[in-house]
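For reference, the structure discussed in these notes is given below.
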Amino acid sequence: MQSNAQKYAQLFINDSPLLDVRAPVEFQRGAFPNAINLPLLDDEQREIVGKCYKQHGQKTAIEKGHELVHASLREARVAAWASFASQYPNGSLYCFRGGLRSEIAQQWLRAAGVKLPRIEGGYKALRSFLINELDTATTHCMFRLVGGKTGSAKTDLVQDLHNAVDLEAAACHRGSSFGRHVQAQNNQINFENILAIEFLKLQYKNVFDIVLEDESRTIGRVGLPSALFAKMRASPIVVIEASYETRLERLIQEYVVEMHSEFVAQHGNNAFKAFSDYLLQAL
199 MQSNAQKYAQ LFINDSPLLD VRAPVEFQRG AFPNAINLPL LDDEQREIVG KCYKQHGQKT
259 AIEKGHELVH ASLREARVAA WASFASQYPN GSLYCFRGGL RSEIAQQWLR AAGVKLPRIE
319 GGYKALRSFL INELDTATTH CMFRLVGGKT GSAKTDLVQD LHNAVDLEAA ACHRGSSFGR
379 HVQAQNNQIN FENILAIEFL KLQYKNVFDI VLEDESRTIG RVGLPSALFA KMRASPIVVI
439 EASYETRLER LIQEYVVEMH SEFVAQHGNN AFKAFSDYLL QAL
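Heads up: the sequence shown runs through residues 199 to 481, numbered per the working numbering.
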């Protein structure tokens, strides 16, 4: 019989779809890459039920929750969850601690003839597991760094290697003054979750000699975990050299041509104005 840790590992290694029934505000604070947020209670409802629980206890809070999620709303919730289960038959659901909210969601689905497994311990247990995995990787893996000036194709090399973790992709930021993408950068928790999963997948393949790009302590607005950064500082480094002309050509392509394309895709006719504002803000 598998332990919870083994079950959690398989969920992340297999990129299993996850149905997160927490409120949107909780999801925004931290989530997993393959999670979809279809909440039982919205932010306002969660706040009302939480106050009721503090003032009157669990029974009254549950009654209040059922009152807020009335018949038609319950039907809509179940329909959305059932659609998830149909689209992702290998999915699982959870709430914050794997308790009442995910239990209710599972019961309502079962009443509709839909089976979806519930993750024991919920988001909190999964998050704790990933924090431990990040610590384990930092302790047991050997890191080799790729360094060099901006435009020397460090990231391209990292992405081509089978034993590398792309820190900038995990951060959704290129790590320089003009490194922000049009897409919003990951927050600290999501960044750490992605890193832990990437390390976990490599270790599952018995890869413990891992290549990382040489980065500063922060990548955009997120920071490398202290222990990981300290070990990186003590790791061997290979420096890539490229001519000024080669670097300039690559920088124009990446920071001008490709970035402008991102802004066009996001902002359409307003792309040039948005791109100009972005460049001015980065100065």
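Using N, Cα and C, we set each Cβ at its ideal position, and we do this for glycine too. Computed from a prediction, not measured in an experiment: that's the story for all the values here.
Minimum Cβ-Cβ distance from M457 to chain B less than 9 Å: Among the chains of the structure shown, chain B does not appear; only one protein chain is present.
Status (buried if at least 16 other CB within 10 Å, exposed otherwise) for G319: buried
Exposure of Q287, with buried meaning 16 or more beta-carbon neighbours within 10 Å: Sequence check: residue 287 is Pro here, not Gln. Counting Cβ neighbours within 10 Å, P287 comes out exposed, since fewer than 16 surround it.
Proximity to L426 [Cα-Cα], best of F397, R316, R419, A233: F397
Where A274 falls, given that 16 or more other Cβ within 10 Å makes a residue buried: exposed
Residues bridged to G345 [DSSP beta-bridge criterion]: V437
Neighbour-count burial assignment, V409, 16 or more Cβ in a 10 Å radius: buried
For R308, three-class secondary structure by DSSP: helix
Which listed residue (G311, H268, D358, Y251) has its alpha carbon closest to that of L298: Y251
Candidates A309, Q383, L332, of which the one nearest V363 by Cα: L332
Inter-residue Cα distance where the pair is Q243 and S284: 27 Å
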